[in-house]
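Protein chains in written order, with the numbering used here: chain W, 1 to 314; chain S, 315 to 814.
Below you can see the structure in the form of structure tokens.
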């Protein structure tokens, strides 16, 4: 187990390294000089040149990277070009939106998908199964931003129950904060839930065909217990794997929904940073998000061991 | 809560709310882009000007809502020869930090703008200044190297704002000025909040207590926000396709006005066949601008014939100068040696959807005279790097491109052979040089008219249309600018009509 942890730890560091190098190179290879974008079509060529120098963009790429990585190791991700604030501080300031949004979407996804998947599996080739499958197909097909707009039209414009967007912050109270995140979390969670329904259904169906399930049934174990104890527990591994991957997708999906709902989250921070070629900010956010996803996968790995005592890493 | 007292209180509250019915005092406006920083002396970004200029920080001179230059922080000025200007400052003007505005502050701000050490994006606006002298706290004199007709205009631009010397360090995140509103809060990525400046130097203004600027990039989300009542007005960023529905909705006022944003189709004058003025004129003749305006802008906006916008006092209506005429276009192409037309690539950036729509219509129109246009959509960063061609780029990489030029008084671009059109006309350059040294209004106007006719003749680009000002406000909101002669979201005179 310890060796496994060490191996995963090394993979974690290596992933972060590759991601940071990749981001560093890709952003600089893209046409579109940050100084030029900041100045737009107005500023004079001299002003652009001055800005380039001030931003350190005229130094060799490797030197810029070593400089950046060295400071990043101490938690200093540099200073955002557009906001003139430390990148770390900007990232931290967006977490109170993105973390609850992702968690709410994940909770929505799990609460909806796992029971529905189980239900569909037990109703295999019956009406309930087909209806669930059609619904999940629909959930996969609907683009999240469009669903977001539909939800706004219904709940904000038509019914006037919820805000059409924006986030007043948690200072307004827990309820107000959660209300602002409700619609985007649903829009974000639907696609993932639809995927997870299918994963749960097929995992449970697989397990239901196994010998031990037939044995349990033959022994006269009640059906509830067969599904709940024997089948579901063993089906959890593929389900957790898919769910773990989906957390990464949720973070990515939040970019779109934060834009539709005008939420000041990490996704919009990244989007704005890319549009403005705010290099320190793009690098910081990307490495942070990559780190989070790698960490989640690491935790999913650990969860396997807990779910199935047979899995021992040696 | 069920006690009779609380019920009575609720009832009283309701009654007061109905009887009082005072006009609201808060305002929430939407803009598309968050400013990349609030320092007008370091960024030319229009998103910064929209929020800060005239609202938080002001200049000696102001471009008013009709496009006229009016005295502002300077009460008046005097010049005998167009070379020495003396400004008499309005007395009792206070900065947001409580200190009184003095002539020394003006000297400091303008000298800092001229200083090569600073990041001012438009130092050239102050190049004609030779010396600034402070006579007393309320009198300041500018001596120019030679008369400059744009001097007052340049002092009204966003980069010429006056701020207190002691606040120079915080301009980027917490600008201090003399404007009607004080910056209260900037929640990055979400909103900027202003509160009323109680010491504003214009009596009775502003009438709004609190302004919230929200950054909503998606127009559909902005429209939903308007309809849900979460935002009161959308100032910039909506296209004609978004406001058509709202025009029929009785809850809103749609403002359609003029701007200085000239939408053109630039041609790379260095590249064949666009080196030939006959080809360029042929392309202009082949484009039905009326149809373009109808199709791309739902008929909103105005057709242009030159690069001088309708808000400019020297505007001449040349919309019909090179009229839509397919036969003529074909004849000119044949004369130039292209009887069967040619292939062209039109580069547009989806960052500005109107350019893509305009391009599609034009590509179709040009195909009728044999010019086969392939549209290539490129990202804005690429457009700036390759088409607009700033160093290290040396040759613009494009045939045709469409973009709006929002700056007012930008005819100088055509006198600059290095500009991305690569239009090199000694005659126009000479005319422009003269216009920059002529202070007499009549003579200068004559030069501007000559320049515009020259541009029609040479057709270095196709002048398409003026992008309309499109803003939507909830009924009852009054005082917004109808036209946009300056890139400012000026809210100084905005107020809510009293409700009945």
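Where is the CB? At the ideal position from N, CA and C, for every residue including glycine.
Check distances from the C-beta atoms of the region 357-387 of chain S to those of chain W and list, in chain order, the residues that come in under 8 Å.
357, 358, 359 and 360
Answer with buried or exposed for residue 613 of chain S, where buried requires no fewer than 16 other C-beta atoms within 10 angstroms of its C-beta.
exposed
Within chain S, the residues that residue 96 of chain W reaches when beta carbons sit closer than 8 Å:
Result: empty, since nearest Cβ-Cβ is about 12 Å, beyond 8 Å.
Let's see if you can read the secondary structure: which residues bound the alpha helix (DSSP H) around residue 465 of chain S?
465-470
Alpha carbon to alpha carbon, what distance is there between residue 429 of chain S and residue 77 of chain W?
Taking C-alpha positions only, residue 77 of chain W is separated from residue 429 of chain S by approximately 31 Å.
So that I know if they touch, is there some Cβ in chain W lying closer than 9 Å to that of residue 392 of chain S?
no
Within a Cβ cutoff of 8 Å, which residues of the same chain sit near residue 276 of chain W, ignoring the five residues on either side of it in sequence?
34, 37, 38, 81 and 82
Can you pull the chain W residues whose beta carbon is under 7 Å from the beta carbon of residue 541 of chain S, in chain order?
157
Going by DSSP in three states, residue 716 of chain S sits in which element: helix, strand or coil?
strand
Using 9 Å as the threshold, is the C-beta distance between residue 270 of chain W and residue 15 of chain W below it?
no
Does any C-beta atom of chain W lie closer than 9 Å to the C-beta of residue 501 of chain S?
yes
Considering residue 772 of chain S, what are the terminal residues of the alpha helix (DSSP H) in which it resides?
755-772
Rounded to whole angstroms, what is the Cα-Cα separation between residue 774 of chain S and residue 595 of chain S?
8 Å
Helix, strand or coil at residue 402 of chain S according to DSSP, with G and I counted as helix
strand
Check the Cβ of residue 487 of chain S against every Cβ in chain W and list those closer than 9 Å, keeping chain order.
83, 84 and 85
Can you give me the Cβ contacts of residue 761 of chain S inside the same chain, cut-off strictly under 7 Å, excluding the 5 residues immediately before and after it?
745, 748, 749 and 752
Is the beta carbon of residue 687 of chain S sitting closer than 9 Å to the one on residue 660 of chain S?
yes
Looking at residue 286 of chain W: is its Cβ nearer than 9 Å to the Cβ of residue 20 of chain W?
yes
Looking at residue 153 of chain W: is its Cβ nearer than 9 Å to the Cβ of residue 538 of chain S?
Against a cut-off of 9 Å, the Cβ pair of residue 538 of chain S and residue 153 of chain W comes out as a contact.
Residue 419 of chain S and residue 573 of chain S closer than 9 Å at C-beta:
The criterion of a C-beta distance shorter than 9 Å is not satisfied by residue 419 of chain S and residue 573 of chain S.
Taking beta-carbon pairs under 9 Å, can you tell me which members of the region 210-235 of chain W lie near chain S?
Of all residues in the region 210-235 of chain W, none has a Cβ within less than 9 Å of some Cβ in chain S.
Of the choices S/481, S/503 and S/536, whose alpha-carbon is the least far from that of residue 165 of chain W?
S/536
Do we get a CB-CB distance below 9 Å when we pair residue 260 of chain W with the residues of chain A?
Included in the structure are the protein chains W and S, with no chain A among them.
So what's residue 329 of chain S in DSSP terms, helix, strand or just coil?
At residue 329 of chain S the pLDDT is 46, less than 50, meaning the model places this residue with poor confidence; the figure from the coordinates comes in the next sentence. Helix, per DSSP.
When we look at the beta-carbon of residue 806 of chain S and count the other beta-carbons within 10 Å, is it buried (16 or more) or exposed?
buried
Check whether the Cβ atoms of residue 129 of chain W and residue 198 of chain W sit closer than 9 Å, and answer yes or no.
At least 9 Å separates the beta-carbon of residue 129 of chain W from that of residue 198 of chain W.
Residue 623 of chain S: buried (16+ other C-beta within 10 angstroms of its C-beta) or exposed?
buried
Report yes or no: do three or more beta-carbon pairs, one from the region 224-231 of chain W and one from the region 451-466 of chain S, lie closer than 8 Å?
no
Would you check if the distance between the CB atom of residue 349 of chain S and the CB atom of residue 366 of chain S is smaller than 9 Å?
yes
In terms of residue numbering, what span does the alpha helix (DSSP H) encompassing residue 100 of chain W cover?
87-122
Could you give the DSSP three-state label for residue 743 of chain S: helix, strand or coil?
helix
By how many angstroms is the C-alpha of residue 284 of chain W removed from the C-alpha of residue 220 of chain W?
Roughly 58 Å between the two C-alpha positions.
Anyone know if the C-beta pair for residue 167 of chain W and residue 250 of chain W falls short of 9 Å?
no
Tell me which residues share the same chain as residue 344 of chain S and place their Cβ nearer than 6 Å to its Cβ, disregarding the 5 neighbours each side in the sequence.
528, 530, 536, 545 and 548
Should the region 98-116 of chain W be regarded as contacting the region 181-193 of chain W, the criterion being three or more beta carbon pairs within less than 8 Å?
yes
Please work out which residues of its chain come closer than 6 Å, Cβ to Cβ, to residue 451 of chain S, disregarding the five sequence neighbours upstream and downstream, and give them in chain order.
416 and 417
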